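The sequence shown lines up with residues 1 to 149 when you count with the UniProt record's numbering. To start, the structure itself, in structure tokens.
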Amino acid sequence: MLEINTVLGLLAPREEDPARVRAEAEASARARAEVEASAAEATAAKAAATEAATAKRQAQQVANRRRARQHNQRIAELQNQARHEQHQYMAALNADYPSVAERNLALTRARASMMAAHIARDLATTVPVTPRPPASTPGQDSSSVDTFA
């Protein structure tokens with residue numbers, strides 16, 4: 001049977017070494033400081049990434065606006081050219097010519113210039129169509145189809 005003093009000795013709080021307690025406290029403080037520093041670095045990195053993404057997005061928006069402005073200016077120039085050629089054609093219609101051949105030649109040239117200006121404007125304003133791949137037959141592998149030249 002155990003003596004009461006031995007049992008009380010087992011249950012009693014141990015005397016802790018002050019140097020060990022101090023070392024554990026310092027290690028805990030260092031670990032806490034490292035965690036706080038890494039959290040601060042992560043926050044700074046996240047802020048820098050957000051700022052870089054914002055700057056990139058703003059640069060893209062500025063470039064898009066510049067391209068749209070240049071495109072609109074080009075369309076306006078083409079529209080003015082088409083209008084000018086149309087006026088030239090109307091002037092050719094109302095002009096007096098010494099012969100029918102000269103009149104026909106002038107009208108043909110004016111109409112060709114007017115049509116060229118209109119086509120140039122239309123080409124600049126229409127969105128190009130992207131070609132679609134041909135529709136395949138369900139259940140048929142395109143690599144197994146024989147083609148004859």
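Note that CB positions come from ideal geometry on N, CA and C, so glycine has one too. Every value quoted in this text rests on a predicted model; they were computed, and no experiment measured them.
Rounded to whole angstroms, the gap between the alpha carbons of Glu85 and Thr126 is 21 Å.
A direct Cα-to-Cα measurement between Ala53 and Ala19 gives close to 50 Å. Membership of Glu51 in the alpha helix (DSSP H) is indicated by the continuous run 18-94. Just so you know, the alpha carbons of Glu24 and Ala59 end up roughly 52 Å apart. In the structure shown, Ser113 falls within a helical segment according to DSSP collapsed to helix, strand and coil. For Leu123, the number of other beta carbons within 10 angstroms of its own is below 16, and it is reported as exposed.
Residue environment for Ala92: buried (at least 16 other C-beta atoms within 10 angstroms of its C-beta). Exposure of Leu105 is indicated by the presence of fewer than 16 other C-beta atoms within 10 angstroms of its C-beta. Contact between Ala117 and Ala82 holds, with the beta-carbon distance rounding to 4 Å and staying under 8 Å.
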